[in-house]
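Below is one structure; the comments refer to it alone.
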Amino acid sequence: MQQHQFYLFSEFLISLIGGFLLLAIWLVVQKQFQKKLTSEIAIKRFDKGLLFISLSVFVWALSSLLILILQTYNINNWFALISQNMFSILNSLFLILALYYFDNSPNYLYNNKKSTKRIIAFFVVLSIFSLGLALFFGETINTKGIRYNTIPDVLLSAILTWFLVFSLYRTFVNRNMKSVAIIAALSILVLFLTQIPFVFNFEQFNFYIDLTKLVAKTTLMFVFLVVGTSWVLELAQLPEATTMKINFIDWNKIELSIPSKNIINQKIDFGKRTTQFNNLLKFAIRRKFAPENEMCIEVYNGGEILSQTYLTRIIDNINTILDLKDDTKLNRNDFFTFIGQAKYRLRFLPEHIAVNSALQQEFTHNLEEEIYKTFK
503 MQQHQFYLFS EFLISLIGGF LLLAIWLVVQ KQFQKKLTSE IAIKRFDKGL
553 LFISLSVFVW ALSSLLILIL QTYNINNWFA LISQNMFSIL NSLFLILALY
603 YFDNSPNYLY NNKKSTKRII AFFVVLSIFS LGLALFFGET INTKGIRYNT
653 IPDVLLSAIL TWFLVFSLYR TFVNRNMKSV AIIAALSILV LFLTQIPFVF
703 NFEQFNFYID LTKLVAKTTL MFVFLVVGTS WVLELAQLPE ATTMKINFID
753 WNKIELSIPS KNIINQKIDF GKRTTQFNNL LKFAIRRKFA PENEMCIEVY
803 NGGEILSQTY LTRIIDNINT ILDLKDDTKL NRNDFFTFIG QAKYRLRFLP
853 EHIAVNSALQ QEFTHNLEEE IYKTFK
């Protein structure tokens, strides 16, 4: 018992400190970089991803504190078991909501508002079902040694594990931190595996389970802190939108100025890369001529642009054409802002975007999307 209490106390302190650190990073971002996040338009980019991650870590702290109190005062273990299940589901809910703001998470998490509502509804139903099982079975373990009331939580954790592994691995790989991506994926998988024994009667291995869980949770909190820190660095390195200019001078040709990247009135010929030029021109026409609520393009399988890969190719081609070195290379976030719900918008300010009128007329005339003809 003392060993388990030590684990609970350690988890409480580590989670409490980690939660406050993540919350502090989020508050700094909102205070220092809100202008860059919104890029001076009415559509608010109130990114709550890191906030929800900090709340999920606080749930860990609250859960361990409550169980520690219950065990200290010998309060019914059945109540502790219910509390543990409900806290686990609440933690999963916060993490799912956090992934809604990750532009590297699975597209179906943020395709539209209906997806978010369905996810929340699923968690509510699952919570009620899990509570019902706990009330019905209590601490009962059948002859095969299975705690039925923990099964919904484990199934939910399996789904969340896939979302987290997929999202965090892609996030760190895209930031050129592959070793951190591997560590993140392993810590999430190990943390999921430590939940399996709660379904069965493995009390003789509690010491090893507690130790493994503590290491996995601590590692995952470090990973979250790296996510937050890299986000701050990424925002700090973003070029100021007020200094960026782009001019579409002819078919497949643009003139680009981003002074912070030492790009001054550089002419770029996309040549045979017609798809990349067309997609960039779509973003520019929407940003310059469309109403604010239509400045974005949905990027997902089934959207106007089918994949984020198309956005990355635009930037890769510009880097190749201009032969930019590592310290001056452009990245996708320099050009595009992720708004949420699979929507991206060009960062250039409307007054700093120029489009040849003849080019625009011919381009919009040949597009399948009729809406572009209304943007003038």
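Reading the sequence shown from the start, the letters are residues 503 to 878 in the numbering used here.
Glycine included, every Cβ here is placed at the ideal spot set by N, Cα and C.
None of these values were measured; they are calculated from a predicted model.
Separation of residue j from residue i, as counted between CA atoms
{"i": "residue 565", "j": "residue 589", "result": "6 angstroms"}
{"i": "residue 757", "j": "residue 861", "result": "14 angstroms"}
{"i": "residue 517", "j": "residue 794", "result": "41 angstroms"}
{"i": "residue 762", "j": "residue 733", "result": "19 angstroms"}
{"i": "residue 508", "j": "residue 709", "result": "11 angstroms"}
{"i": "residue 523", "j": "residue 529", "result": "10 angstroms"}
{"i": "residue 776", "j": "residue 815", "result": "11 angstroms"}
{"i": "residue 559", "j": "residue 742", "result": "33 angstroms"}
{"i": "residue 764", "j": "residue 830", "result": "7 angstroms"}
{"i": "residue 624", "j": "residue 656", "result": "15 angstroms"}
{"i": "residue 833", "j": "residue 760", "result": "12 angstroms"}
{"i": "residue 746", "j": "residue 865", "result": "24 angstroms"}
{"i": "residue 782", "j": "residue 665", "result": "30 angstroms"}
{"i": "residue 731", "j": "residue 718", "result": "20 angstroms"}
{"i": "residue 736", "j": "residue 638", "result": "50 angstroms"}
{"i": "residue 567", "j": "residue 676", "result": "37 angstroms"}
{"i": "residue 772", "j": "residue 810", "result": "19 angstroms"}
{"i": "residue 672", "j": "residue 607", "result": "8 angstroms"}
{"i": "residue 658", "j": "residue 597", "result": "12 angstroms"}
{"i": "residue 823", "j": "residue 768", "result": "10 angstroms"}
{"i": "residue 871", "j": "residue 791", "result": "15 angstroms"}
{"i": "residue 533", "j": "residue 859", "result": "40 angstroms"}
Heavy atom of the ligand ZN within 7 angstroms of residue i beta-carbon
{"i": "residue 525", "result": "With respect to the ligand ZN, the structure offers nothing, as it holds no ligand at all."}
Cβ-Cβ separation, residue j to residue i (assumed contact under 8 angstroms), whole Å
{"i": "residue 850", "j": "residue 787", "result": "Actually they do not touch by this definition, with Cβ atoms about 12 angstroms apart."}
{"i": "residue 662", "j": "residue 556", "result": "The Cβ separation is near 17 angstroms, so there is no contact."}
{"i": "residue 819", "j": "residue 778", "result": "5 angstroms"}
{"i": "residue 683", "j": "residue 670", "result": "7 angstroms"}
{"i": "residue 817", "j": "residue 807", "result": "Not a contact, Cβ separation roughly 14 angstroms."}
{"i": "residue 569", "j": "residue 632", "result": "Their Cβ separation, rounded to whole angstroms, is 17 angstroms, which puts residue 569 and residue 632 out of contact at 8 angstroms."}
When the options are compared against residue i, the one with the closest alpha-carbon
{"i": "residue 852", "options": "563, 516, 749", "result": "749"}
{"i": "residue 621", "options": "606, 601, 605, 707", "result": "601"}
{"i": "residue 627", "options": "535, 654, 521, 527", "result": "654"}
{"i": "residue 680", "options": "635, 728, 631", "result": "728"}
{"i": "residue 603", "options": "841, 858, 865", "result": "841"}
{"i": "residue 712", "options": "723, 699, 724", "result": "699"}
{"i": "residue 801", "options": "789, 791, 785", "result": "785"}
{"i": "residue 813", "options": "512, 690, 846", "result": "846"}
{"i": "residue 689", "options": "707, 672, 598, 715", "result": "715"}
{"i": "residue 554", "options": "515, 572, 525", "result": "525"}
{"i": "residue 837", "options": "827, 825, 828, 855", "result": "855"}
{"i": "residue 738", "options": "835, 825, 766", "result": "835"}
{"i": "residue 605", "options": "562, 549, 634, 571", "result": "549"}
{"i": "residue 521", "options": "825, 805, 754, 726", "result": "726"}
Residue i in three-state terms, based on DSSP
{"i": "residue 535", "result": "coil"}
{"i": "residue 549", "result": "coil"}
{"i": "residue 869", "result": "coil"}
{"i": "residue 851", "result": "coil"}
{"i": "residue 747", "result": "strand"}
{"i": "residue 767", "result": "strand"}
{"i": "residue 560", "result": "helix"}
{"i": "residue 645", "result": "Residue placement at residue 645 is poorly supported in this model, since its pLDDT is 44, which falls under 50; the coordinates are not used for a value here."}
{"i": "residue 774", "result": "coil"}
{"i": "residue 607", "result": "coil"}
{"i": "residue 742", "result": "coil"}
{"i": "residue 656", "result": "helix"}
{"i": "residue 701", "result": "coil"}
{"i": "residue 784", "result": "helix"}
{"i": "residue 875", "result": "helix"}
{"i": "residue 856", "result": "strand"}
>> I'd like the ranges of any beta strand (DSSP E) spanning at least 3 consecutive residues and lying wholly in the segment 798-847.
In response: Correct list: 838-842.
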